[in-house]
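Notes to accompany the following structure.
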Amino acid sequence: MTLQEIVQTAACLYPERTAVCFDECINKPPVIYTYKTVTNLATELTDFLRKHCDLSESLEIGLYCYPGINLPSWILGLCPAKNVTCGAAPKSQTRHYEDLPIRILQVPAAYSPVDPDALPIQSAYFMKKCNFQYVLVEKDKIDKFTVTHGHLFCHNSLEIQKVGLILSQRNYSHFDVNLLTECVNVKNEHSTVTSGSEAQALDQQEKKASKELLDVRQQHSIAYILHTSGTTGIPRIVRVPHKCIVPNILHLRDVFKVTPDDTVFMASPLTFDPSVIELFIALASGASLLIVPNLIKMMPQELSEALFLRHRVSVLQATPTLLRRFGVQRIKSTVLSANTSLRILALGGEAFPGLTVLRSWKGKGNKTHMFNIYGITEVSCWATCYKVPEEVFSSDHRFDSLAPLGTPLSGTTIEVKDAHGSAVLEGEGQVFIGGKERVCFLDDEVTLPMGTMRATGDFVRIKDTEMFFLGRKDNQIKRHGKRLNIEYVQQIAEDYYQVETCAVLWYQQEKLILFVVPKGILIKSDLLKKLQESLPSHAVPDDLLLIDTLPFTSHGKIDVSELSRIYSSCLNSRSVSKLNKKELWKRLLCLWKALLNLPEDSRNISKDSQFLLNGGDSLKSLQFHDEIELMVGKTVPGLLEIILSRSIEEVYKHILKTVFPNEDQNLNCNSAVKRKLSESSREELSKKCMELKPERSLTAEANTVGFIAVSRGNRLFSTDEPLRNQSNTEQAGENEVLKSKLDKTIASDANMAEDSIQKTPVQETFGRTAEKLMLHLRWKSDLGKCVDASPLVVTDTLSTFVYVGSHSHMIQAIDLYSGKVMWERNLADRIESSACVSKCGNFIIVGCYNGLVYVLRRSNGEIHWMFVTGDAVKSSAAVDPSTGLVFTGSHDQHVYALDIYKKVCIWKLHSEAGAIFSSPHLNLLPHHLYIATLGGLLQAVNPAKGNVIWKNNCGKPIFSSPHCNKDCVCVGCVDGNLYCFSHFGEKVWKFSSNGPVFSSPCISHFCSEIFFGSHDYFTYCCSMGGNLLWKFKTTSTVYATPFVFHNHDLEDKTLLAVVSTDGRIWILDAKTGLLEGEERLPGEVFSSPVVWGSMIIIGCRNNCIYCLDLCISKTKKAG
């Protein structure tokens, strides 16, 4: 049975009843056609097409029109139907049967609506993709069609007089234009399914016998063709067979009990598949179909008068957004009043309103039946239906806030599966829709197995066999490290009595914005307070905007792009019309206080206050950066670097340059401000630095000493033996000479540690005998202020020292075993850069906030050389063991290659994308220097010449330092991903966490896994292929880089040291992720741990660096 056949049956029964009514709502009588008239006009169209079109094969004919009085005739005249005998009519209607044509609708074509208001390039792509031979154009739209598509189709005045259409035929000479994508070739003989889940299902199903395959080429099988909205990419073509859609029509006709006395409103545009339901549920029942112009649908008052006063509409299928446009007062007084004509209200296409909202819409005494209908275009049209029980609307009834999706419609199969493809009987999963013949053909699919199931992208929760809609996959966002469905926020906000309707926007994937149409006077602070009480913190909107009405698309859904434009305009309005310099300073102080949890009194904030020195961190600095750009309504280049290294006044001045570019930026200051060195003063300092002479002349060759150095993330460096491949030595452990020496050193150090523990009186202990492993304090050293830098451990044949700097400007060299400070040096500014050792082993290199790179003698801390960059140096230096060059990044957006022996800069390279916060990484085979920037760029640079070999943009700032092995380079990003690239710049894989990744990847010769931390509180262990092996949840964000180590005295296990920012140290089994021991330092920790033997060295924000001995607990030994 076809769509046209079920209409023909009704036309035979009710030829003189009104089939369609078109009301232009402009004070003139509506136009009315009976079923007889509709079928006669359909026959006129059929005869014309049979005469003028090549019907040697099944056709897909475009219909370029607006909905009007002739619409049913146009659609019925296009598609095939079998002969219908009208002998079953009641005697009273027999006379009319003789007037009807017995053979109608014989054109083997599927109709395909083309929206005249759509973008021309989108319509052209659709028509080309569908391979249209002909397009029927509404007569008064022919000029518009010719202007936009005349190069694709030509018309020869073939007008169908009574029907109001003009036939246009494809112009083959111009049909190969470039559109959205490359031209699709002749349809593939094999079906194409993009969803991985669907592909797996089809692979299994295609093994069945060929007789169970559905074929799009079967004559007269396709009823109509639509396309998806294309909001997530290029639109998908959907070919809908009669066998797929007819059961929908007939079942819903029975559920809604539609009779010839009903009037059905055509609320949906032709390009939205619910229009098929509205059209055919009316015409298949002998009911009347009401059509109004699109413009009237956008005018709530005129539309309500037409629907419920003049035409007494009894069946309305609509999106919740379209209904909300009427407003709560009109819904209650007209649409859902006690005397309304509306018998059936079916809402679908969007999340169903909460039952609390429905109760607020219903007028006293209203008897309208409400239905929740759900489905997807890819399995046209509806899949489930749920009738809301009348008891829900009684005042004393207790109910859940959400309505279930209901039961499957005729011929429809519903499955819910988890991420692994397993069926879900209770809990959450994704919906799959299909059925034996409830199958549509997507894009170039030709054959499909019966019963094909389509992934919907919609997620539900099954509770007590009922499905409750959670939201689309598209609406699942990550915010503050946690998943959130934005429709949930909308449902909670709608419950507030002063909210008439609302919508939520994830603006630029950064800000959660709530748009509210208020009911009367709404106080924003009251609504925000209610939301804070009702929602978890990560779900509370960032901003609230009051608007007069919500925008919606032609399909009756919320227009997200228009909401985004409205909010952008609002931001621009705030910044241009209201944001003067004084207001900017005031708002900047408010943001500063809010993010740093400072007192409300802005007088407590000095103009020379620095963000990081007042409790800020890298994550908060990103939030501060984003808040500022949203506040001023535009991008502020270089802002993140200023936030990280300058005072609030300099942040303010930097913003002024962007917001008020043509004005003088002078600002009177009452307090001293820390200033960036001027170019002239830098030149003078540079000259002085070059003139500095060490007490003794050193050369790299004459004074090289054998040593091994260990720094964060298991970075090993040695010149004790010739190195052929430093990357193998550091990461893969292929240099067996170094590995053997390191193992002996660790074993020796472990023995020394035992002796030292017995001889050194312990002032403090962090040990817990309940754990397998425990930590004892060996020593701590006070550096005066926070120690955020990570320690460097250097051992030679005579000694082992720890080198670390702090916010107090001090750098210390500390004996690893005794904790005795061998020397300390006060530099000119704060130190966050971790130290590194030169190739010769005689120098320590460290960066400083004053923009200088200091080269200190390792033996006594005396300054050998100072190099001047243009801004703060937080990046830790890297050394090329083959040349001795030192590489360091700066917040001046450059990386420098320094020859510390000749005291010259060999080259400098601009990063192209922001400051360099992270540390460069040197790899020997291939010989690449890897650099990551706050602009999100990862670059591979030639270490000898400074030219860029390749680059990749991760899209968000990179604080993590790159680390590599012989095959690839890995780096974390604040977008929550760990990226892996080949040494040739190809992205191999990415692994996603649920929070920003500031931690650098730990890659070591001890194991083949990659370890890193995330702000989602987890430490992750991945394989070199990017697959999750295990993850461990800590008690806070993980900023530091983990350190993996192996010690024969500690149960001969491979262990992992992890530190969270709340000061907790976690010792994990590196293979399983199981906890072996833990302890907590008395302060926050942003420093990364370094392990030597059985000692863990780490800095803390309580001003100290700690050395802790790791040993087996007494309980464990006793066991």
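Count along the sequence shown from 1, add 1256, and you get the number used in this note's numbering. Using N, Cα and C, we set each Cβ at its ideal position, and we do this for glycine too.
Query raised in the report: Start and end of the beta strand (DSSP E) containing residue 2238?
Result: 2233-2238
Report task. Please report how far the alpha carbon of residue 2044 lies from the alpha carbon of residue 2092, in whole angstroms. Result -> 15 Å
Query raised in the report: What are the boundary residues of the beta strand (DSSP E) that includes residue 1630?
Result: 1625-1630
**Report entry** Spatial distance of residue 2162 from residue 1767 (CA atoms)
**Finding:** 44 Å
Requested in this report: Tell me whether residue 2083 sits in a helix, a strand or coil according to DSSP, three-state version.
Outcome: coil
Requested in this report: In the DSSP assignment, find the unbroken alpha helix (DSSP H) run with residue 1914 in it and report its ends.
Outcome: 1904-1915
Report task. Can you tell me which of the three DSSP states residue 2041 falls into? Result -> coil
Report task. Would you mind working out which of 1787, 1970, 2247 and 1704 sits nearest residue 1468, comparing C-alpha positions? Result -> 1704
Query raised in the report: Whole beta strand (DSSP E) runs in the stretch 1257-1338 with 3 or more residues, listed along the chain?
Result: 1274-1278, 1287-1290 and 1315-1320
Query - Backbone secondary structure at residue 2248 - three-state DSSP - result: strand
Query raised in the report: Nearest CA to the CA of residue 2344: which residue from 2035, 1966, 2160 and 2308?
Result: 1966
Requested in this report: Just confirm the distance between the C-beta atoms of residue 2144 and residue 2131, as a whole number of angstroms; I'd bet it's less than 8 Å.
Outcome: 6 Å
Query raised in the report: So, helix, strand or coil for residue 2192, using DSSP?
Result: coil
Query raised in the report: What whole-angstrom Cβ distance do residue 2215 and residue 2274 have, given they're in contact under 8 Å?
Result: Not really, about 17 Å apart at Cβ, beyond 8 Å.
Requested in this report: Could you tell me the distance, in whole angstroms, from the CA atom of residue 1909 to the CA atom of residue 1974?
Outcome: 46 Å
Requested in this report: Note down, in chain order, each residue of its chain lying with its Cβ closer than 6 Å to the Cβ of residue 1580, except the 5 sequence neighbours on either side.
Outcome: 1757
Requested in this report: For the stretch 1537-1602, list the alpha helix (DSSP H) runs that are entirely contained and at least 4 residues long, ordered along the chain.
Outcome: 1550-1553, 1556-1561 and 1576-1580
Query raised in the report: According to the Cβ coordinates, are residue 1851 and residue 1872 closer than 8 Å?
Result: yes
Query raised in the report: Using the beta-carbon count (16 or more within 10 Å), is residue 2221 buried or exposed?
Result: buried
Report task. Please report the residue range of the beta strand (DSSP E) in which residue 1767 lies. Result -> 1767-1774
Requested in this report: Assuming residue 1749 contacts residue 1770 (C-beta within less than 8 Å), just tell me the rounded distance between them.
Outcome: 6 Å
Requested in this report: Under 7 Å Cβ to Cβ from residue 2065, same chain only, skipping five residues before and after it: list those, please.
Outcome: 2082, 2083, 2084, 2085, 2086 and 2087
Query raised in the report: What did DSSP end up calling residue 1711 once you bin it into helix, strand or coil?
Result: strand
Requested in this report: Within 10 angstroms of the Cβ of residue 1510, are there 16 or more other Cβ atoms? Answer buried if so, exposed if not.
Outcome: exposed
Query raised in the report: Applying the criterion that 16 or more other CB atoms from any shown protein chain within 10 Å of the CB defines a buried residue, is residue 1753 buried or exposed?
Result: exposed
Query raised in the report: Is it buried or exposed for residue 2223, if we count other Cβ within 10 angstroms and need 16 for buried?
Result: exposed
Query raised in the report: In this structure, what does DSSP give as the bridge partners for residue 2294?
Result: Beta-bridge pairing links residue 2294 to no other residue.
Query - Limits of the beta strand (DSSP E) - the one that residue 1965 falls within - result: 1964-1967
Query - Same chain, Cβ closer than 7 Å to residue 1662, five either side skipped, listed in chain order - result: 1628, 1640, 1641 and 1642
Requested in this report: Count the C-beta pairs between the stretch 1806-1821 and the stretch 1774-1792 that are closer than 8 Å, then say yes if the count reaches three, no if not.
Outcome: no
Query raised in the report: When you compare only the Cα positions, how much space is there between residue 1772 and residue 1862?
Result: 38 Å
Query raised in the report: Based on the DSSP secondary-structure assignment, which residues constitute the bridge partners of residue 2056?
Result: 2051
Query raised in the report: Would residue 1421 pass as a contact of residue 1395 if the rule is Cβ separation under 8 Å?
Result: yes
Query - DSSP state of residue 1997 mapped onto helix, strand, coil - result: With a pLDDT of 42 at residue 1997, under the threshold of 50, the predicted position of this residue should be treated as unreliable, though the coordinate-derived value follows. If DSSP states are grouped into helix, strand and coil, residue 1997 belongs with the helices.
Report task. Starting from the C-beta of residue 1795, find all residues in its chain whose C-beta is less than 6 Å away, skip the five residues before and the five after it, and write them out in chain order. Result -> 1740 and 1745
Query - Top-ranked residue by Cα proximity to residue 2203, from 1903, 2353, 2150 and 2127 - result: 2150
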